[in-house]
Structures are given as C-alpha cells and as structure tokens.
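Just below is one structure, and these are the notes that go with it.
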Amino acid sequence: MAKKSCLSLIFLLSVSYGFSQNLQKDTLAIRQVLTGFFEVFTNPDMKHFDNNCVPNFELYDMGEIWNREMVADYVKNVQSKPKDWTRTNRFEFIKFNFRKNIAWVSYHNYAVINNSKTNTTRNIHWLESMIL
2 MAKKSCLSLI FLLSVSYGFS QNLQKDTLAI RQVLTGFFEV FTNPDMKHFD
52 NNCVPNFELY DMGEIWNREM VADYVKNVQS KPKDWTRTNR FEFIKFNFRK
102 NIAWVSYHNY AVINNSKTNT TRNIHWLESM IL
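Counting in the working numbering, the sequence shown runs from 2 upward without gaps.
Here you go:
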C-alpha cells in the first residue's frame with residue numbers, strides 16, 4: 002500500500018512539474034509577445050507588429066478600435082517626423098488565465114517618455130488586459 006501511495010505521489014508530482022514547466026514557458030512566451038508588440042510604440046517599425054501579432058489583430062483603446070492598418074498609419078506618421086523622444090516600457094503582470102489554447106493576461110503598463118526637444122518627461126500608467 003505504501004508503494005502504491007508513493008508511486009501515485011511521484012506520478013502526481015511529475016505531472017504537476019510538467020504542467021508547471023509548460024505554464025512557465027507559456028507565461029514567458031506571452032511576456033515576450035507583449036513586450037515585443039509594444040516595441041512598435043518605442044521604436045516605430047512594423048516588424049515589431051508583424052513579429053508579434055496576427056493579421057486580424059484588434060486593440061480597443063479609449064473608444065477606438067485599432068487594427069493593423071491603424072498601427073501602420075501611426076508608425077508612418079511617427080517615422081515622418083524627427084524622433085526627439087525616447088520611450089521606455091515596463092510591465093507588471095497581475096494574472097495569467099489559461100483555458101485550452103486561449104490566454105487572458107492582465108497587467109500594468111508603464112511608459113516613461115523623455116522628450117529631448119522640450120527636456121520633459123512623461124510618466125504614464127495603464128491597467129490593461131490582452132487575449133491571446
């Protein structure tokens with residue numbers, strides 16, 4: 002009986018360990034996608050979008066629905082002007098929810114934008130979520 006209990010415990014621990022490793026890999030992948038996507042706003046280039054988003058991407062922000070075309074327009078507009086600013090992003094992840102092949106992530110998004118022309122700094126904080 003003790004052998005069966007011990008074997009059952011070993012099996013449960015190995016299944017839990019495997020699940021834990023997959024969960025860690027999944028959360029790491031999600032963190033990389035999120036930080037990669039926000040590079041579009043830090044270093045405006047559509048490669049950051051294309052490397053991290055599906056073609057039918059949608060972003061709901063302040064009453065607007067952004068798609069790939071709107072992000073591309075933003076990038077073109079920013080690239081057409083001298084870049085006199087730098088942006089640094091930081092994320093604090095609150096929760097990862099997984100159901101089958103869908104993940105819902107909630108996080109704090111912080112941006113520090115330094116403008117070299119006006120010598121000003123803006124600190125911005127958003128509470129956001131993402132479905133992948």
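Where a beta carbon is used, it is the ideal one built from N, C-alpha and C, also for glycine.
Three-way DSSP call (helix, strand, coil) for residue i in this model
i, result
"residue 40", "helix"
"residue 62", "strand"
"residue 35", "helix"
"residue 121", "strand"
"residue 57", "coil"
"residue 23", "helix"
"residue 29", "helix"
"residue 101", "coil"
Contact check, residue i vs residue j, beta carbons under 8 Å
i, j, result
"residue 131", "residue 24", "no"
"residue 117", "residue 86", "yes"
"residue 110", "residue 90", "yes"
Buried or exposed (CB count within 10 angstroms, at least 16 for buried), residue i
i, result
"residue 113", "exposed"
"residue 127", "exposed"
"residue 55", "exposed"
"residue 119", "exposed"
"residue 103", "exposed"
"residue 125", "exposed"
| the region 69–80 / the region 40–52 touching (three or more Cβ pairs under 8 Å) | In short, these stretches touch, since the Cβ pair count reaches three.
| request: Could you tell me whether the region 92–103 touches the region 56–68, using the rule of 3 or more Cβ pairs below 8 Å? | output: Remark: fewer than three beta-carbon pairs, one from each stretch, lie closer than 8 Å, so the region 92–103 and the region 56–68 are not flagged as touching.
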